[in-house]
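Enquirer: Numbering (this note's numbering), first residue to last: 853 to 1259.
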């Protein structure tokens, strides 16, 4: 099938990985991304073996090696840690996913760095500033419509356009977006030597969540690359646009609805950067000094508000030449650190399926149906667990989740 062409809507984690995988398999693809470039969006991303293996499968060898070298240093243990506001450890939960690499385990990445790595070499494939607004199917072709009035045709369309996917809303209009009413903010603080020396050791593990008596929740996550990013990029991907990033600690605020703290918080969407920072400071009043100091050192320019939303698992749907991956079909809260990993997992699985189609081994609709059924079986249990109100409890670990070192 030499003329086979894949259309991808969305250049986030999943869409970029899919484009790399298809190119590696010799399959023509075109990716439309609404933003004008790789925009800053989020900070530290937890990586597990499912996501890491997908990157190894889809990326050229040099870019996969660059991902590993710019991942955070290996922690003493890779777990989710629950703390009280005094810094005392209340419990720890292993991360989900298949067994990790014993030599260079998958740890965490800077989101923008990973996206820049995955965009390398895709010149002519990615079309920035092009927003997909709809689609139509006509026999054995799919046409996407773009906001500038143009269109493009291909053999299959993949929605990788996130929780607000316009494609999903038309394809599966009954799948609701659920607002948890949990509000919060993401931010980072420079991880200087003096700050690092004061922080509880548990903050250098996977993720650490500390909760206060008034309902404020602070999540901490360290990012220390194994090798300086500029140095690694110059060696492995010279010419690629990959920005340097200094070590930092991500400091996220969660405001639980109905809690005493939630009644004191102002409108985060209208607040200034300094007002947002003050909300964070108020959240850690009376906390362990080191936990509070990390909040005090936040770079106010990195603060942005978030609303925690997720999708409900969709009932099985009729397979067509339009399919979905990542947040477009299973957006989930960050409680198990699995969202990006599942998007990467989808990209690798769909690449394998479409490679079989192009080689003439499997008809297109059969391959897509098998991809979709496998995705529902593997990812929807993680979506349900992540959306469970008990997900921030270190003792909550449903049996249906894959955990390599489950007791």
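Ideal Cβ positions, reconstructed from N, Cα and C, are used throughout, including at glycine. If you're wondering where the values come from, they're calculated on a predicted model, not measured in any experiment.
List the endpoints of the continuous alpha helix (DSSP H) containing residue 1174.
Expert: For the purposes of this step, residue 1174 is taken as residue 322 along the chain shown, with counting starting at 1. Careful: residue 1174 lies outside any alpha helix (DSSP H), inside the beta strand (DSSP E) at 1174 to 1176.
Enquirer: Quick check: what's the CA-CA separation for residue 983 versus residue 1153?
Expert: For the purposes of this step, residue 983 is taken as residue 131 along the chain shown, with counting starting at 1. For the purposes of this step, residue 1153 is taken as residue 301 along the chain shown, with counting starting at 1. In a straight line, the C-alpha of residue 983 is about 28 Å away from that of residue 1153.
Enquirer: In whole angstroms, what separates the C-alpha of residue 1253 from that of residue 1246?
Expert: As a first step, residue 1253 is located in the chain shown; it is residue number 401 there, counting from the start. As a first step, residue 1246 is located in the chain shown; it is residue number 394 there, counting from the start. Whole-angstrom Cα-Cα distance: 14 Å.
Enquirer: I need the straight-line Cα distance from residue 862 to residue 1178, nearest angstrom please.
Expert: As a position in the chain shown, residue 862 is number 10, starting the count at 1. As a position in the chain shown, residue 1178 is number 326, starting the count at 1. The alpha-carbon atoms of residue 862 and residue 1178 are separated by roughly 10 Å.
Enquirer: Taking the straight line between their C-alpha atoms, what separation do you get for residue 1036 and residue 1114?
Expert: In the chain shown, residue 1036 corresponds to position 184, counting from 1. In the chain shown, residue 1114 corresponds to position 262, counting from 1. Their Cα atoms are separated by approximately 10 Å.
Enquirer: Along the chain, where does the beta strand (DSSP E) containing residue 859 start, and where does it finish?
Expert: Locating residue 859 in the chain shown gives position 7, counting from the first residue. Per DSSP, residue 859 belongs to the beta strand (DSSP E) from 857 to 861.
Enquirer: Please determine if the stretch 1145 to 1164 and the stretch 1194 to 1205 are in contact, where contact requires at least 3 C-beta pairs separated by less than 8 Å.
Expert: Because the criterion of three Cβ pairs below 8 Å is not met, the stretch 1145 to 1164 and the stretch 1194 to 1205 do not touch.
Enquirer: Quick check on this structure: which residue in 1042, 986 and 1051 has the alpha carbon closest to the alpha carbon of residue 1023?
Expert: Counting from one through the chain shown, the residue named residue 1023 turns up at place 171. If we check each option's Cα against that of residue 1023, 986 comes out closest.
Enquirer: Could you please give the first and the last residue of the uninterrupted beta strand (DSSP E) stretch that includes residue 993?
Expert: In the chain shown, the residue the question calls residue 993 occupies position 141. First-last of the beta strand (DSSP E) with residue 993: 993 to 998.
Enquirer: Does the distance from the C-beta atom of residue 1196 to that of residue 866 stay below 8 Å?
Expert: As a working mapping, residue 1196 is identified with position 344 in the chain shown. As a working mapping, residue 866 is identified with position 14 in the chain shown. Yes, the Cβ-Cβ distance between residue 1196 and residue 866 is below 8 Å.
Enquirer: Determine, using beta carbons only, whether residue 1164 and residue 1028 come nearer to each other than 8 Å.
Expert: Counting from one through the chain shown, the residue named residue 1164 turns up at place 312. Counting from one through the chain shown, the residue named residue 1028 turns up at place 176. Yes, these two residues count as a Cβ contact at 8 Å.
Enquirer: For residue 912 and residue 1109, I'd like the C-alpha separation in whole angstroms.
Expert: If you number the chain shown from 1, residue 912 lands on position 60. If you number the chain shown from 1, residue 1109 lands on position 257. The straight-line gap from Cα to Cα measures roughly 45 Å.
Enquirer: Which ranges would you report for the alpha helix (DSSP H) in the stretch 1051 to 1102 if only whole runs of at least 4 residues count?
Expert: List check, alpha helix (DSSP H) in window: 1081 to 1088.
Enquirer: Give me the residue from 1193, 969, 915 and 864 with the minimum Cα distance to residue 888.
Expert: Against the chain shown, residue 888 aligns to sequence position 36. For the residues 1193, 969, 915 and 864, the minimum Cα distance to residue 888 belongs to 864.
Enquirer: From the DSSP output, in three-state form, read off residue 1105 for me.
Expert: Looking up residue 1105 in the chain shown gives position 253. If DSSP states are grouped into helix, strand and coil, residue 1105 belongs with the strands.
Enquirer: In terms of alpha-carbon separation, which member of 1172, 1064, 978 and 1130 lies closest to residue 1112?
Expert: Along the chain shown, read from residue 1 onward, the residue named residue 1112 stands at position 260. Taking only the C-alpha atoms, the option nearest residue 1112 is 1064.
Enquirer: Name, in chain order, the residues that DSSP records as bridge partners for residue 978.
Expert: Indexing the chain shown from 1 puts residue 978 at position 126. DSSP output for residue 978 lists 883 and 975 as bridge partner(s).
Enquirer: Is it the case that the stretch 872 to 882 contacts the stretch 1037 to 1054, given that we only count it when at least three CB pairs across the two stretches are under 8 Å?
Expert: No contact exists between the stretch 1037 to 1054 and the stretch 872 to 882.
Enquirer: On a Cα-Cα basis, can you pick out the residue from 948, 1142 and 903 that is closest to residue 1046?
Expert: Within the chain shown, residue 1046 is the residue found at index 194, counting from 1. For the residues 948, 1142 and 903, the minimum Cα distance to residue 1046 belongs to 1142.
Enquirer: Output the distance between the C-alpha atoms of residue 868 and residue 1235, rounded to the nearest integer angstrom.
Expert: What you label residue 868 is simply residue 16 of the chain shown in a count that begins at 1. What you label residue 1235 is simply residue 383 of the chain shown in a count that begins at 1. Using only the alpha carbons, I get a separation of about 22 Å.
Enquirer: Is residue 1129 helix, strand or coil by DSSP?
Expert: Counting from one through the chain shown, the residue named residue 1129 turns up at place 277. The answer is helix: DSSP assigns residue 1129 an H, G or I state.
Enquirer: Which one of 1069, 1070 and 900 has the shortest CA to CA distance from residue 949?
Expert: For the purposes of this step, residue 949 is taken as residue 97 along the chain shown, with counting starting at 1. The option with the nearest alpha carbon to residue 949 is 900.
Enquirer: Tell me, to the nearest whole angstrom, how far the beta carbon of residue 1251 is from that of residue 1161; I am working on the premise that it is less than 8 Å.
Expert: The residue given as residue 1251 occupies position 399 in the chain shown. The residue given as residue 1161 occupies position 309 in the chain shown. 26 Å between Cβ atoms; not a contact.
Enquirer: If you draw a straight line from the C-alpha of residue 939 to the C-alpha of residue 1021, how long is it?
Expert: For the purposes of this step, residue 939 is taken as the residue at position 87 of the chain shown. For the purposes of this step, residue 1021 is taken as the residue at position 169 of the chain shown. Rounded to the nearest angstrom, the two C-alpha atoms are 43 Å apart.
Enquirer: Starting from the Cα of residue 931, find the closest Cα among 1072, 1094 and 1239 and give me that residue.
Expert: Locating residue 931 in the chain shown gives position 79, counting from the first residue. Nearest C-alpha to residue 931: 1072.
Enquirer: Give a yes or no on whether the C-beta atoms belonging to residue 920 and residue 956 are separated by under 8 Å.
Expert: Taking the first residue of the chain shown as position 1, residue 920 is located at position 68. Taking the first residue of the chain shown as position 1, residue 956 is located at position 104. Yes.
Enquirer: State the Cα-Cα distance for the pair residue 996 and residue 1034, rounded to the nearest angstrom.
Expert: Walking along the chain shown from the start, residue 996 turns up at place 144. Walking along the chain shown from the start, residue 1034 turns up at place 182. Distance between the alpha carbons of residue 996 and residue 1034 is about 35 Å.
Enquirer: Tell me the rounded alpha-carbon separation between residue 1260 and residue 1106.
Expert: With the chain represented from 853 up to 1259, any question about residue 1260 goes unanswered, as that position is not in the structure.
Enquirer: On the CB-based measure, 16 or more other CB atoms within 10 Å of its CB, does residue 1170 come out buried or exposed?
Expert: Against the chain shown, residue 1170 aligns to sequence position 318. Exposed: under 16 other Cβ atoms inside 10 Å.
Enquirer: Could you check what DSSP says for residue 940 in three-state terms: helix, strand or coil?
Expert: Along the chain shown, one-based indexing puts residue 940 at 88. It is coil, neither helix nor strand.
Enquirer: Are the Cβ atoms of residue 1039 and residue 1150 separated by less than 8 Å?
Expert: Counting from 1 along the chain shown, the entry for residue 1039 is found at position 187. Counting from 1 along the chain shown, the entry for residue 1150 is found at position 298. Yes.
Enquirer: Is the beta carbon of residue 1098 sitting closer than 8 Å to the one on residue 1042?
Expert: Taking the chain shown and counting its residues from 1, the one referred to as residue 1098 is at position 246. Taking the chain shown and counting its residues from 1, the one referred to as residue 1042 is at position 190. Closer than 8 Å, so yes.
Enquirer: Bridge partners of residue 1030, per DSSP?
Expert: The count along the chain shown starts at 1 and reaches residue 1030 at position 178. Answer is 1162.
Enquirer: My assumption, with CB atoms under 8 Å, is that residue 1243 sits in contact with residue 1188. Please give the rounded CB distance.
Expert: As a first step, residue 1243 must be located in the chain shown, where it is residue number 391. As a first step, residue 1188 must be located in the chain shown, where it is residue number 336. Yes, residue 1243 and residue 1188 are in contact; Cβ-Cβ is about 7 Å, under 8 Å.
Enquirer: I need the DSSP call for residue 1227, collapsed to helix, strand or coil.
Expert: The residue you call residue 1227 lines up with position 375 of the chain shown. Three-state result, residue 1227: helix.
Enquirer: Who does residue 1038 pair with in a DSSP beta bridge?
Expert: Reading the chain shown from its first residue, position 186 is the one you call residue 1038. Answer is 1156.
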